[in-house]
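Undergrad:
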Amino acid sequence: MTALKAHQAASSATALNLADDISTTSRVRELPVKRPRGFGEFIGDSSAMQTLYRTLIQVAHSDAPIFITGESGSGKELCATAIHRHSPVRDGPFIAVNCAAIPAELLESQLFGHVRGAFTGAVSAQQGLAVAADGGTLFLDEIAELPLPLQSKLLRFLQTGQVMPVGATRTVEVNCRIVCATHQNPRVLVDTHRFREDLFYRLHVIPLKVPPLRERGQDILEIATGLLGRMAGHEGKRFTRLSACAERQLLAHDWPGNVRELENTLRRAIILNDGEVLTADMLDLPSSTAYRTPLSHNAPEDSETTLRPLWMVEREAIESVISACDGSIPRAAAILEIAPSTIYRKRLSWLAMHPDEPTSH
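Counting in our numbering, the sequence shown runs from 102 upward without gaps.
(1) Apply the 10 Å Cβ neighbour rule to Leu302 and answer buried if 16 or more other Cβ atoms are within range, or exposed otherwise.
(2) So the candidates are Ser175, Ile167, Ala165, Thr152; which of them puts its Cα closest to the Cα of Ile324?
(3) If you follow the alpha helix (DSSP H) that Asn374 is part of, which residue opens it and which one closes it?
(4) May I ask you to report which of helix, strand or coil DSSP gives Pro410?
(5) Tell me the DSSP bridge mates of Asp143?
(6) Taking DSSP as the reference, what is the three-state secondary structure of Asp292?
(7) Quick one: what's got a C-beta closer than 6 Å to Arg361's C-beta in the same chain, skipping five residues either side?
(8) In the structure shown, what three-state DSSP assignment does Cys281 receive?
(9) Using DSSP with H/G/I as helix, E/B as strand and the rest coil, what is Met150?
(10) Distance check for Ile167 and Arg191, CA to CA, integer angstroms please.
(11) Residues in the same chain with beta-carbon distance under 6 Å from Ile436, minus the five sequence neighbours each way, listed in chain order, please.
(12) Tell me whether the beta-carbon of Phe240 lies closer than 8 Å to the beta-carbon of Val198.
(13) Between which residues of its own chain and Met332 is the CB-CB distance below 7 Å, once the five residues before and five after are set aside?
(14) Could you check what DSSP says for Arg297 in three-state terms: helix, strand or coil?
(15) Could you tell me the distance, in whole angstroms, from the CA atom of Val273 to the CA atom of Ala233?
(16) I want to know whether the stretch 143-151 touches the stretch 331-348 - three or more CB-CB distances under 8 Å.
(17) Which residue or residues does DSSP assign as beta-bridge partners of Gln227?
(18) Taking 8 Å as the threshold (C-beta atoms), are Gly229 and Cys277 in contact?
Written out as structure tokens, the structure reads:
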């Protein structure tokens, strides 16, 4: 990676310039709303994201491989894009490959290319995506989906900086930065022999974890406001803001699908409704009372131990731990192995949906 190392002398200036981007770049630039705070195409300045931004600034100038983890829809490709745009090779190509979207039998040819006649249907030579990324960044998304035989060839490429097109007798030199990502736990994949240990350690030089949306606090509302303005304009609707109750519901929801789920929720609400204010009932988010605890096998149906909403059982469990910790939510969160923001969010949910059921403070 000698070409990349030649740029190291300019790394300090690059890092200083990056600091300005944290408050000036928006994912929704065209919106006639207040420019949101963020980094690259990310929106939000929660503590979790500030930690991520600082790490991005630190690693952008390096040529070391980066291993990004995070839930589906959390923004792993946005991380890779931000790293490339602020790296010494930002003027080079950014090639993204979703390893889960290409059939296994075609993946080697797509990555490393092939010569004419290498296999049935190879009527002409084709350079691979790795060669296309020469002088830039190769982003391997969902890298855990790579078949084991291809993992060994990727390892060889990382070790030598050379690729061997399918059917070729000569290697091709490639100089690019490698960034990869997965929504799975890579160490579990290694332990279960689904991912080569030597490849993992070759790639896992700089680990980055993208926080899920549910741990980003008020970022949820900032993202939602930007999306609302953009999507309403696209759909020809007049929505300009969220109601207070809608905001509480957005903050209370777990968002297992992360930003992608938030986008789909807002789009559905905008398409199916009209008005200037998007309300909670338009969001159509699931209620926390949809699930209930089962009866004991030995309890009769008319027993005093009747069915109770899940939120009530969960609230009692969480509040009892908080009480045992003398009201310290950070300590309670550590015992429960959840983020403090999760407790705050759940309390908001209990207050919004069940105001007659007081929550201890």
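Beta carbons: idealized from backbone N, C-alpha and C, even for Gly. Everything numeric in this text was worked out from a predicted model, so none of it was measured.
TA: Let me spell this out:
(1) Contrary to the premise, residue 302 reads as Tyr rather than Leu in this sequence. Under this definition Tyr302 is an exposed residue.
(2) Ile324 has its Cα closest to that of Ser175, out of Ser175, Ile167, Ala165, Thr152.
(3) Counting along the chain, Asn374 falls outside any alpha helix (DSSP H), and DSSP gives it neither H nor E.
(4) Residue state, collapsed to three classes: strand.
(5) Sequence check: residue 143 is Phe here, not Asp. Phe140.
(6) In the three-state scheme derived from DSSP, where H, G and I count as helix and E and B as strand, Asp292 is classed as helix.
(7) Correct list, in chain order: Gly174.
(8) Under the three-state reduction of DSSP output, Cys281 falls in the strand class.
(9) The answer is helix: DSSP assigns Met150 an H, G or I state.
(10) If you take the alpha carbons of Arg191 and Ile167, they lie about 16 Å apart.
(11) Here the set comprises Val422.
(12) Their beta carbons are under 8 Å apart, which means Phe240 touches Val198 by this criterion.
(13) Cβ neighbours of Met332 beyond the five flanking positions: Leu367, Arg368, Ile371.
(14) Residue state, collapsed to three classes: coil.
(15) Cα to Cα, the separation comes out at about 11 Å.
(16) Flag = no, the stretch 143-151 and the stretch 331-348 do not touch.
(17) In the DSSP output, where bridge partners are listed per residue, Gln227 has His215.
(18) Judged by beta-carbon spacing, Gly229 lies beyond the 8 Å limit of Cys277, meaning their Cβ atoms are not closer than that value.
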